[in-house]
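One point on numbering: in our numbering, the residue at position 463 of the sequence shown is 493, and numbering is uninterrupted.
Think of the CB as a built atom: it goes at the ideal place given N, C-alpha and C, for glycine as much as any other residue.
Please read all numbers here as calculations on a predicted model, not as lab measurements.
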Amino acid sequence: RQSGRRYNLFLKRRLRIDKRHQSKDSIFFRDGVRRIDFVLSYVDDLNKEWEKKLNCSRKSCNKIQFSLMSDLTFLGQESEDGKIYFVKIHAPWEVLITYAEVLNIKVPIKENDIPSMVENPLDCMLAPLRLPEKVMHPEPDYFTAPFSKEKQELYLINDESTFFSPSMRNRIVNYILTRCPYGTEEGKKKFGIKRLLNNGTYSAAYPLHDCQYWKKANDPNCDNERYTLYMEWARFLRFYKEQPLDLIRKYYGEKIGIYFAWLGFYTEMLFLAAVVGLICFLYGLFTMDENMSSKEICDPAIGGEIIMCPLCDRECEYWRLNTTCQSSEYSHLFDNVATLFFAIFMGIWVTLFLEFWKRRQARLKYEWDLVDFEEEQQQLQLRPEYEAKCTQKKKNPVTQEMEPYLPVTSQAVRFCISGTTVLFWVSLIIASMIAVIVYRLAVYAAFASLMENTQTLQPISGLLTPQLATSVTASCLNFVIIMILNFLYERIAIWITDMEIPRTHMEYENRLTMKMFLFQFVNYYSSCFYVAFFKGKFVGYPGAYTYMFNRWRNEECDPAGCLIELTTQLTIVMAGKQIWGNIQEAIVPWICNWWGRRKARNNPENLYSRWEQDHDLQIFGALGLFYEYLEM
């Protein structure tokens, strides 16, 4: 035992010495040739629970290594604090070409010799928006074809170590790890790194960045693409520059590249809509004094002589129409002739946005060789969970191969449970909206009585009417309910989508998208539909007012209309969502990364390796891109 402890102490010292000789930003093994394609990490702690997980992780790691002995190269190494262990994985050339053929990855066969398009005479005017050619096009354009091991002489293989881009290598290793068996349980095979991450056997599984984003790496073999992306693209002062989509695609892969292409196109189109919307708003601002309805309401000889009925049945007095003068003037900002034009314009804008994006997407598909991408994903990318849970197999009539399948009866039961669950949650939203309406009716009379009988509120009573005060408080309450329901349903949607066992990753995302979009549409906009189309339509008339549940008198719109309340509702919900989203996506990750860097200061800089730095970053998650699309 004593000799074993001495050996472990010697090994730790030896590791530290070796780390000093290796660049902290190196993404290669110590030989400087083999690239680290993926890293697994697990935690070594002293308590019994972690001791069990540590033994489990060691056993599973050994089993994974044994099952992939002919595929991947493994090397274990501990962190500077001695608690976190890292398993570095390298995919040799034979593995890469084998799985490149399985995944139908397209690779270069010949450099593109088609002449480039004729230069646009306006290019000189757009020069300030351009990025350097090396950044926009980091590699030549090639004709490509799906990889085949038997036809390697057809491809432009100048260097085996750089033939496959880092994103391709990461994709291949991730594909292997998600399908790697590591044991059996009750006669069923256990496989996949996702399961080991969920049960805590491993703490993280991730590829490596090529360098730190704020400075170049010392390793001469590093391309520093992350640094280039930060300096030329991911900084606020570069917001007006075009996006280096080819470099984004090369570094992060096609899916991330398409997302940012779509986001940039969406932003450009929204800028056009925002300019038109601003013009319509300025029209309402400049014509505020010319609005005839506001003039009549504010005129003491007209609005001042019109006596209105009490806003509630008890404790409310008669009031004059001109007390709502200011609110009627401000409602003209959003309710004028230009509003109708803007509504028509947005209807046309949506159609143009969809059609122009289809054109842009088709161009990207051609340039990035993604024409058959969706079909290939459907055919090749069976989810590991589907393969594990579907024990029955049948022959595919197209490929003539045996494939796992889910019986029709099982699918029907799962879809029924899924549909019932979604309907229940949509009904819950409608019930919560009715509860908010009841709140509006209950406090409306209270606000009306309070503002009439409180002298301190008289100076602002013209602007803050009972209708507006009720709308603001109800909107805030509705926003809180929206965020709570959204938080809960998000987990329910993932659970019922997992229960359906979709066949491919694309099917999984499509089903989850349908559930989340349907729910969020009803959740976010049901209250807006109520204000826009139902509020003030079922009030009745003096002596025969209509009541909700025979108790609460239905509320009325402001004399100038309900559009100002609808604007208030949308502003609170949308602004609140943006603020909460920025807290989650910007402030919280910044604090976590800052705390991670603060803890890292305890380690000497020359010992804080690339895999340790990336281990401290925030996890993007398998559905990270899905949530980005859903938010937009």
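According to the DSSP secondary-structure assignment, M432 is paired through a beta bridge with K425. Cβ-Cβ distances below 8 Å link V466 to A504, L507, N508, I511 and S557 in the same chain, with the five nearest sequence neighbours on each side left out; the list follows chain order. Going by DSSP, A235 is part of the beta strand (DSSP E) stretching over A234 to Y236. In the three-state reduction of the DSSP assignment, F173 falls in the strand class. Sixteen is the threshold: since fewer than 16 other Cβ atoms of the shown chains lie within 10 Å of the Cβ of G573, the residue is exposed. Between Y519 and F559, the CB-CB gap reaches or exceeds 9 Å. For K285, the enclosing alpha helix (DSSP H) stretches over residues E284 to F316.
For the pair A235 and V69, the CB atoms are nearer than the 9 Å cut-off. Between D365 and I594, the CB-CB gap stays under 9 Å.
In the three-state DSSP reduction, A574 falls in the strand class (E or B). If you ignore the 5 residues before and after L351, its C-beta comes within less than 7 Å of the C-beta of I327, G333, I336, M338 and P589, all in its own chain and listed in chain order. In the structure shown, the three-state DSSP call for P162 is coil.
The segment 122-130 and the segment 159-171 do not touch, with fewer than 3 CB-CB distances between them shorter than 8 Å.
Around the beta-carbon of N584, 16 or more other beta-carbon atoms lie within 10 Å, marking it buried. A contact between stretches requires three or more CB pairs, one per stretch, nearer than 8 Å, and the segment 283-294 meets this requirement with the segment 390-400. In this structure L412 touches T534 by the C-beta definition: roughly 6 Å separates them, less than 8 Å. Here I337 is bridged, per DSSP, to R350. Here Y257 is buried. Its C-beta has 16 or more other C-beta atoms within 10 Å. Cα atoms of R209 and N228: separation of roughly 15 Å, rounded to the nearest angstrom.
In the structure shown, I613 falls within a helical segment according to DSSP collapsed to helix, strand and coil.
Across the structure, L259 and L277 are spaced so that their CA atoms are roughly 8 Å apart.
Its Cα nearest to that of Y469, the residue M578 stands out among L156, Y281 and M578. One alpha carbon belongs to R268, the other to D253, and they sit about 21 Å apart. Cα atoms of V456 and Q614: separation of roughly 25 Å, rounded to the nearest angstrom. With respect to the 9 Å criterion, P274 and D67 are not classified as neighbours on the basis of their beta carbons.
Classified as exposed, I378 has fewer than 16 neighbouring CB atoms from the shown chains inside 10 Å of its CB. Distance check between F563 and each of T576, C592 and Y538 places C592 closest, using alpha-carbon atoms only. Around the beta carbon of D143, a 10 Å sphere encloses fewer than 16 other beta carbons of the protein chains shown; the residue is thus reported as exposed.
S71 and P619 have their C-alpha atoms roughly 21 Å apart. Bridge partners of G213 according to DSSP: K220. In this chain, the alpha helix (DSSP H) harbouring E397 covers V367 to E397. Between E417 and P437, the C-beta gap is not smaller than 9 Å, which leaves the two residues out of contact. Counting along the chain, the unbroken beta strand (DSSP E) around V137 starts and ends at K136 to E141.
Under the three-state reduction of DSSP, L412 is assigned to strand. For T500, the enclosing alpha helix (DSSP H) covers residues P496 to E530. The Cβ neighbour count for S191, taken over all protein chains shown within 10 Å, is under 16; the residue is labelled exposed.
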